[in-house]
Each structure stands twice: as structure tokens, then as C-alpha cells.
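Worksheet for the structure shown next.
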Amino acid sequence: MPRMPTSPTFGIIGLGTMGENLALNLMDHGTPVAVWNLETEWTDRFVAAHPEAVGVKTLADLVRALPRPRRMLMMIKAGAPVDATMEKLAPLCEAGDIVIDGGNSWFKDTQRREAAWRDKGLRFVGMGVSGGSEGARRGPSMMPGGAKEAWDALRPALESIAAQSKHGACVAYVGPDGAGHFVKMVHNGIEYGDMQLIAEAYDVLRRGLGYDAARIAETFDAWNQGPLDSFLLELSARVLRVRDDKTGAPLVDKVLDVAGQKGTGKWSAQIALDLCVPIPTINAAIDARLMSTLKAERVAAAPLLTGPTPRADAAVLAALPPALYAAKLCSYAQGMALIAAGSRAYQWSVDLREMARIWTGGCIIRARLLEDVMRAFERRPDLPNLMLDDDVRRALAGGQGPLRALVGAAQAAGVPVPALSASLAYYDGYRTAELPQNLTQAQRDAFGAHTYQRNDVPNPPFVHTEWLTPSS
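Quick note on numbering: my numbering labels position 187 of the sequence shown as 195, and the sequence is numbered without any gaps.
In C-alpha cells:
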């Protein structure tokens with residue numbers, strides 16, 4: 009007997025892969041939906057496959073189909089399409105209605121949109137969604153930001169569809185206005201770093217030690233049974249085992265070594281500069297993707313620029329797991345420091361422990377080490393840097409030696425490891441009481457009269473010296 013439509017209580021705007029899967033997830037968990045898509049044939053196709061859903065042809069029909077206060081989720085392309093859709097929705101909505109932007113929007117756009125809708129008596133929520141299409145269907149990690157009252161109205165439905173880890177539903181209120189999209193942006197920056205660190209370990213194994221794809225997959229599987237346990241490492245092992253239908257060779261060996269990016273990593277780097285937060289591992293991952301796009305130049309340069317034969321000592325194999333773990337801790341420390349800086353700058357009061365908790369299931373960066381991050385911020389919510397936590401500090405004390413050995417061996421073998429190197433430099437920079445920027449500041453004062461502070465004066469004022477006398 010065919011299923012009949014149920015009175016919807018949640019609206020979905022956009023039936024791409026993510027929107028469709030979130031709609032199905034909501035229905036699976038007892039929340040009836042009405043769906044709208046710009047291309048009406050997409051709506052028709054969805055309703056034909058899922059007749060319990062209500063399909064509508066216009067946004068006005070969608071608004072009319074939902075009870076007040078209305079709850080509507082946009083899963084559409086970031087940027088102008090979000091503004092255009094909101095402009096059409098605003099006159100149709102009534103006080104208290106909630107619209108969620110679940111795409112990867114720039115958090116400052118979310119701040120602007122939330123303020124504009126608040127002035128109209130409407131509620132706008134910017135929500136990061138992590139986990140890809142499979143996460144959307146089976147349980148994503150979600151990072152909603154906006155008015156607390158909007159979260160209260162959305163909470164039952166969002167908790168029902170979120171991934172469930174042993175630490176609870178992988179969704180939590182992040183903070184006001186753009187906080188949710190800010191945290192999702194940094195999440196994606198950490199993801200960039202994680203992916204690059206794994207790629208560098210892969211390259212050391214492949215070119216440095218001569219491992220083939222199958223052997224690297226076995227190695228990654230073994231690592232994934234310990235502290236390095238993570239979705240991305242598991243995914244990498246699975247990818248390495250896929251065979252090319254045409255040649256029978258590992259398919260990864262046929263993939264062009266040019267990596268794309270959609271912008272959230274770049275945004276992380278831009279806002280980190282604005283907030284004066286060093287994120288060298290994430291920046292190195294972005295640079296590595298940019299370097300990969302210079303394929304034609306790299307092919308031309310390969311026979312012209314000399315370097316060592318890419319062969320590493322077998323001892324590197326033992327150094328790889330603890331080195332990779334230490335580098336990942338440094339990368340996560342950078343990401344959490346950036347979230348903390350954003351929270352201070354925009355007065356969001358983001359709970360860093362909760363952010364680590366909601367990443368323990370459903371999302372792309374879910375990993376065992378997030379439990380270390382959770383515990384660190386449980387012990388001290390105002391921890392200045394993750395690396396200062398006692399447990400993390402001990403882990404880094406044990407991992408920094410292997411990380412040094414690995415970076416040195418890779419560089420000696422001519423295998424580029426920019427993210428591993430950046431993690432080590434971040435660790436060394438943070439633990440160094442006196443950096444050489446005393447000379448940098450003296451140079452700035454000498455050529456530009458930018459002033460400096462003395463290190464032998466309490467609460468030192470800024471002073472200027474005429475460094476360049478005729479005799480100097």
C-alpha cells in the first residue's frame with residue numbers, strides 16, 4: 009500500500025545530495041518534511057521515490073505548508089544564492105520563523121544575514137554540517153550558531169539526526185550569529201592539515217621506503233588500531249585498495265597529483281592573519297595544494313633541479329606513527345587556538361570541549377585524539393594552548409623526537425614534508441622563550457622608525473633609536 013504524505017513540520021530548501029540525505033534522515037527520525045528545489049523536476053523525483061514527503065513548487069507553498077514557528081533548512085550553494093533565497097523568503101515568513109543555512113558560508117556573511125533577519129523579528133541560523141553525503145544520511149556532526157532561542161526550537165530535530173558517539177549526539181549550540189560557520193571553517197582547516205599530514209606519511213612510505221599502495225594500506229590499517237585511529241586514516245587505507253578497472257593497477261596511482269579546494273581552508277588562513285593566530289600546519293596544507301596545481305612547471309623542473317634520491321632509512325618506519333600523532337596534535341592545537349581567538353574577538357563564548365565532543369562522530373575529522381582534546385578543555389576551559397595540557401604535553405614529549413627524525417630523514421631524502429615540518433616548527437616556536445624577532449623588530453625600527461620595547465624594563469613603553477648613524 010503506497011505511503012501517504014504526512015503533515016510536514018520541517019522544510020528543506022535544496023535537494024542536492026546533502027539536502028536530499030538530510031531530508032531522508034529527518035523522515036527516518038520522525039520529522040515529516042516538505043521539500044522545495046529550484047529545478048521542480050528534482051522535487052518531483054524526490055516525492056515519487058518518497059511519497060511520505062510533501063513536495064512544493066514555490067517557496068510560498070513551502071511556508072504555507074509548515075506550522076509556526078516554521079523551521080526551514082537551506083542546503084544550497086554558498087554566496088549569492090543564499091542571499092537571493094533569503095530575500096524571497098523574508099516577506100513570506102512571520103515573527104519567530106527560523107531559516108538555517110547549512111552550507112559552507114563565510115561566517116561574516118552569516119553575521120550580516122543574522123543581524124538583518126533579527127531586525128525583522130526572524131531567526132537565522134548558520135550551521136556547519138560535516139560528514140559528507142553519507143554523514144548527512146546516517147548522522148552528521150552539526151555546528152549551529154545564531155539566537156539561543158532558535159537552537160532551543162531546533163534542538164530535538166537536530167539531536168535526532170546527528171551522529172551518535174559514546175559522548176552523545178554530535179551537535180551542540182556553538183554561539184551567536186556566525187559562530188557555527190566560523191567553527192565549521194576551522195574544522196575544515198584542521199581537515200586540510202590532517203589530509204596533508206597523511207599524504208606526507210604516504211609519500212615517505214611510497215618514495216622514501218618504496219612501499220606499494222597495498223603495503224601502505226596495510227600499514228595505515230595497523231596504525232589505525234592505535235592512537236592514530238581516525239576516519240581519514242581509515243578512508244585512506246580503503247582508497248589505496250581500490251583497483252583501476254582499465255589497468256588493474258591501484259586506482260590512486262592513476263589519479264593526477266593536482267588537489268582542488270573550495271575555499272574554507274583559505275578562509276581559515278585569512279582570518280588567522282586578521283586575528284594574529286599562527287596556524288602553520290594548516291597554511292602548509294593550503295600551500296601544498298597550491299604547489300600541486302603547478303603540474304606543468306613541476307614536470308618541466310624535475311629534470312633541471314637537482315636533489316637527493318628519494319630513499320629513506322628503514323628506521324623511519326618506526327618513527328612515522330608517533331611523529332604523525334605529534335604533528336596532528338600540533339595541528340589541532342592551532343585550530344583550537346583559532347576558534348578561541350574568534351570566540352574572544354566576536355564574544356561568542358564557544359565551549360572548546362563541546363566542539364571536540366561533537367567532532368567525535370559523524371564528521372570528517374573524527375579521531376580518537378579528540379578525546380584527548382576533550383579532556384584537556386574539561387580540565388581547563390581557558391587553556392591558552394592545547395599543547396600545555398599535561399597529557400598532551402607528555403604525548404608531545406614522546407613524539408617530538410620521532411617527528412624530528414622523520415622530518416630530517418625526509419628532507420635528506422628530498423621528500424617534501426611541509427605540514428610535518430610546520431607542525432615541528434610550531435612546537436619549537438611555542439616552546440622557545442626568546443625568538444629572533446628581537447632582530448626583526450630592531451630592523452623595523454632602523455628602516456621605518458616602527459619603535460620597539462626594551463626587555464629589561466617593566467611594562468616597557470615603545471621607544472625609537474636612530475640605529476643608522478653615518479659611522480655604522
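Glycine included, each C-beta is placed from N, C-alpha and C at the ideal position.
Taking DSSP's pairing of strands, which residues face residue i in a bridge?
i           : result
residue 82  : 21, 109
residue 57  : BP columns for residue 57 are empty, so no partner.
residue 258 : 251
residue 183 : 153
residue 354 : In the DSSP output, where bridge partners are listed per residue, residue 354 has none listed.
residue 132 : 107
residue 238 : 375
residue 172 : 177
residue 421 : Paired residue(s): none; residue 421 is not in a bridge.
residue 194 : Its beta-bridge partners do not exist; DSSP assigns none.
residue 44  : 21
residue 138 : 149
If you draw a straight line from the alpha carbon of residue i to that of residue j, how long is it in whole angstroms?
i           : j           : result
residue 454 : residue 191 : 40 Å
residue 344 : residue 476 : 43 Å
residue 113 : residue 91  : 11 Å
residue 429 : residue 23  : 42 Å
residue 36  : residue 30  : 10 Å
residue 52  : residue 43  : 10 Å
residue 471 : residue 183 : 41 Å
residue 9   : residue 59  : Confidence is the limiting factor: at residue 9 the pLDDT is only 42, short of 50, which leaves the residue's position unreliable, though a coordinate-based value still follows. Those two C-alpha atoms are separated by around 11 Å.
residue 388 : residue 362 : 13 Å
residue 244 : residue 366 : 22 Å
residue 434 : residue 339 : 9 Å
residue 205 : residue 251 : 24 Å
residue 342 : residue 393 : 8 Å
residue 318 : residue 234 : 28 Å
residue 452 : residue 459 : 8 Å
residue 278 : residue 469 : 30 Å
residue 409 : residue 224 : 23 Å
residue 236 : residue 311 : 37 Å
residue 402 : residue 203 : 24 Å
residue 457 : residue 445 : 16 Å
residue 214 : residue 261 : 11 Å
residue 474 : residue 464 : 19 Å
Do residue j and residue i have their beta-carbon atoms positioned less than 8 Å apart in this structure?
i           : j           : result
residue 188 : residue 153 : yes
residue 287 : residue 273 : no
residue 207 : residue 249 : no
residue 55  : residue 63  : yes
residue 111 : residue 83  : yes
residue 404 : residue 415 : no
residue 212 : residue 328 : yes
residue 331 : residue 406 : no
residue 178 : residue 369 : yes
residue 79  : residue 161 : yes
residue 316 : residue 165 : no
residue 417 : residue 358 : no
residue 118 : residue 109 : yes
residue 276 : residue 196 : yes
residue 65  : residue 39  : no
residue 139 : residue 372 : yes
residue 121 : residue 32  : no
residue 426 : residue 296 : yes
residue 399 : residue 384 : yes
residue 106 : residue 158 : yes
residue 360 : residue 280 : no
residue 438 : residue 382 : no
Would you grab the beta carbon distance between residue i and residue j for me? Rounded to a whole angstrom, and I think it's under 8 Å.
i           : j           : result
residue 98  : residue 67  : That pair is no contact at about 10 Å.
residue 228 : residue 375 : At roughly 13 Å, the Cβ-Cβ gap does not stay under 8 Å, so residue 228 and residue 375 are not in contact.
residue 293 : residue 200 : 4 Å
residue 270 : residue 186 : With a Cβ gap of about 18 Å, residue 270 and residue 186 do not count as contacting.
Any heavy atom of the ligand ADP closer than 7 Å to the CB of residue i?
i           : result
residue 373 : Here there are no bound small molecules, and the ligand ADP is not part of this structure.
Stretch pair the stretch 134 to 144 + the stretch 12 to 22: three plus CB contacts closer than 8 Å:
In short, these stretches do not touch, since the Cβ pair count stays below three.
Pairs of beta-carbons, one from the stretch 273 to 285 and one from the stretch 347 to 357, closer than 8 Å: are there three or more?
Three or more Cβ pairs closer than 8 Å define a contact, and the stretch 273 to 285 meets that threshold against the stretch 347 to 357.
Under 8 Å: do the stretch 168 to 179 and the stretch 140 to 151 share three or more Cβ pairs, one atom per stretch?
Judged by Cβ distances under 8 Å, the stretch 168 to 179 makes contact with the stretch 140 to 151, as three or more pairs qualify.
Contact between the stretch 261 to 271 and the stretch 292 to 311: three or more CB pairs below 8 Å?
In this structure the stretch 261 to 271 lies against the stretch 292 to 311, because at least three pairs of beta carbons, one per stretch, are closer than 8 Å.
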